[in-house]
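Position one of the sequence shown corresponds to residue 3 (this note's numbering), numbered consecutively onward. We treat Cβ as the ideally placed atom computed from N, Cα and C, and that holds for glycine. Note that the structure is predicted; figures quoted are calculated from it, not measured.
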Amino acid sequence: MAAPTYQVIVYFGTSTTGAGSFILDHPTAGLLDSVSYLLGGDTGTDVASDAISIKVNRGRSSQIFSAFNAGTATVQLNNEDRTYDPLYTAGPLAGNLKPGKRVTVIASGVTIFDGRIADWQLAFDVNGRSVATMVCEDALATLARKQFAAWTGTASETSGGRVTSVLNRAEVSWSGAARAIDTGRSTMQADSISAGTNALNYLQTVARAENGALFASRTGLVTFKDRSSLFTSTATVQFDATNTNIPFQTVGVTSGMDTYYTRVQVTRTGGTTQAYQMASATTDDIVSLSLDGLPLADDTQAYEMASYLANVYSSGDARISSVGTSVDDQILTTTEINQLLSTELTDLITLTWAPNNVGTPVAYTAIVDGITHDAFPGRHTVTLQLGPATSRQPFTLDSATFGLLDGTSLLVF
Numbered sequence: 003m004a005a006p007t008y009q010v011i012v013y014f015g016t017s018t019t020g021a022g023s024f025i026l027d028h029p030t031a032g033l034l035d036s037v038s039y040l041l042g043g044d045t046g047t048d049v050a051s052d053a054i055s056i057k058v059n060r061g062r063s064s065q066i067f068s069a070f071n072a073g074t075a076t077v078q079l080n081n082e083d084r085t086y087d088p089l090y091t092a093g094p095l096a097g098n099l100k101p102g103k104r105v106t107v108i109a110s111g112v113t114i115f116d117g118r119i120a121d122w123q124l125a126f127d128v129n130g131r132s133v134a135t136m137v138c139e140d141a142l143a144t145l146a147r148k149q150f151a152a153w154t155g156t157a158s159e160t161s162g163g164r165v166t167s168v169l170n171r172a173e174v175s176w177s178g179a180a181r182a183i184d185t186g187r188s189t190m191q192a193d194s195i196s197a198g199t200n201a202l203n204y205l206q207t208v209a210r211a212e213n214g215a216l217f218a219s220r221t222g223l224v225t226f227k228d229r230s231s232l233f234t235s236t237a238t239v240q241f242d243a244t245n246t247n248i249p250f251q252t253v254g255v256t257s258g259m260d261t262y263y264t265r266v267q268v269t270r271t272g273g274t275t276q277a278y279q280m281a282s283a284t285t286d287d288i289v290s291l292s293l294d295g296l297p298l299a300d301d302t303q304a305y306e307m308a309s310y311l312a313n314v315y316s317s318g319d320a321r322i323s324s325v326g327t328s329v330d331d332q333i334l335t336t337t338e339i340n341q342l343l344s345t346e347l348t349d350l351i352t353l354t355w356a357p358n359n360v361g362t363p364v365a366y367t368a369i370v371d372g373i374t375h376d377a378f379p380g381r382h383t384v385t386l387q388l389g390p391a392t393s394r395q396p397f398t399l400d401s402a403t404f405g406l407l408d409g410t411s412l413l414v415f
């Protein structure tokens, strides 16, 4: 078994690594496109040769409407020579082992995490074994530390427009190059935001009102996906147990109350509660979901959301909740490794499987809610936490699969 090759690039803030600095008008150092003389600044230091283990954890639980959490990367480094000891003033990184430094984790050329150092944790053993643990967090954690001055949202602004307005505010001041924002389908109200309101919490509320997704991508972009971009029928990764596609080692299945609701009520800020109950639900079969405080512009949108969610989540069907596999170039092709490592939150996957080879294999479709990478010398596993994907298959005119009346596809709002 051969695991991927790794780079753990840390921008410590030291002088330009491995190259001289670009000097304007210099006959040698001033040449454009030079690989030897670069614009001033830190090009990063690769510490992968000291890495003992790498773990990346991004996403959310599969519970409906849970917010995406800030992603983390935990890298354990051999520290026997005290290279990563902030107390060692004679070390090569003295003065630069501080929180806030940017970190990029790359596996076989694919970025799987981009964030910043949140903490250094050092452990020393009397036998000389020393480990430095670099705990990193992604862009959502940075947003969680920002608070608003009092302001009022623009009436009838789309959800994507509202996200953009938040990121543009002086208190947030988020670079346009560090974001990927969809337009949005829902319209927002002119809600009043109090001073001290947490920027991330508010953005997550906007995403909830859209029935969309807000997360930091594996390449470090604050990403907002509206519901129309989540309505997709194309799987980015296909798993099966026959080695026709990507093989898997573990599968989790659940049938729980976290995705079973027969009555949904949605209340917008300042609005009247809008409820929708499935006609088939008996008194003993009423399971309610309430979504409150959404900044929607009108009650019609609230009712449409309640109706849609009740129809989607009233079946109570069992679902695939996780799939785990090894990244192994003795089994997978280069293309398959790239697909697996490039998997992003909210991507769609398919898994063809017959548990214990009993019965006919069935193709399941799911949306990626969480991604975990566990890398040790000679081993790299990827585990995907999965959510129900029925809501990602809209009724589509003229489609042989999703254009069938009374089929599995749904009218969407």
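S316 and Q387 have their C-alpha atoms spaced approximately 22 Å apart. By the Cβ criterion, the region 350-365 is not in contact with the region 326-335, since fewer than three pairs of Cβ atoms, one from each stretch, lie closer than 8 Å. Taken atom to atom, the span from the alpha-carbon of T246 to that of D371 is near 25 Å. Taking the Cα positions, E346 is about 7 Å away from R220. Closest in alpha carbon position to I248, among R265, T275, S194 and T327, is T327. The C-alpha of T45 is placed about 22 Å away from the C-alpha of Q78.
For secondary structure counted as the alpha helix (DSSP H) over 4 or more consecutive residues, the region 288-333 holds these complete runs in sequence order: 301-314.
When the beta-carbon positions are compared, V137 and D121 come within less than 7 Å of each other. Around the Cβ of I322, a 10 Å sphere holds 16 or more other Cβ atoms; the residue is buried. Its Cα nearest to that of D83, the residue R131 stands out among E139, T275, R131 and A146. For G186, same chain residues with a beta-carbon under 6 Å away, outside a window of 5 residues either side, are T160, S161, G162, E212 and D228 in chain order. With distances taken between CA atoms, G198 lies nearest to R147 out of R381, R147, D52 and T264. When secondary structure is reduced to three states using DSSP, N359 falls in the helix class.
In this structure, the beta-carbon distance from V266 to A308 falls below 7 Å. Within the model, the alpha-carbon separation for R60 versus V360 is close to 33 Å. Every unbroken stretch of the beta strand (DSSP E) spanning 3 or more residues and falling wholly within the region 122-202 is given here in chain order: 132-139 and 181-183. Per DSSP, reduced to three states, the secondary structure at Q240 is strand. Under a 10 Å Cβ-count criterion, V364 is classified as exposed, with fewer than 16 other Cβ atoms of the shown protein chains found around its own Cβ. Less than 7 Å separates the beta-carbon of R181 from that of L223.
Annotation for F378: S55 place their beta carbon closer than 6 Å to its own, counting only its chain and skipping 5 residues before and after.
Distances from the alpha-carbon of T156 to those of N200, L298 and T383 put L298 closest. Setting aside the 5 residues that flank it on each side, V112 is surrounded in the same chain by N340, L343 and S344, each with a C-beta closer than 7 Å to its C-beta; the list follows chain order. For R229, there is no enclosing beta strand (DSSP E); the residue is found in the alpha helix (DSSP H) stretching over R229 to L232. Taking a 10 Å sphere around the C-beta of K103, we find 16 or more other C-beta atoms and assign the residue as buried.
CA-to-CA, the gap between S110 and V58 works out to about 15 Å.
Secondary structure of N340 (DSSP, three-state): helix. Less than 7 Å divides the Cβ of V268 from the Cβ of Q276. If you draw a 10 Å sphere on the C-beta of F67, you find fewer than 16 other C-beta atoms in it, and that means exposed. Restricting attention to V253, E306 and F233, the CA atom closest to the CA of A391 is found in F233.
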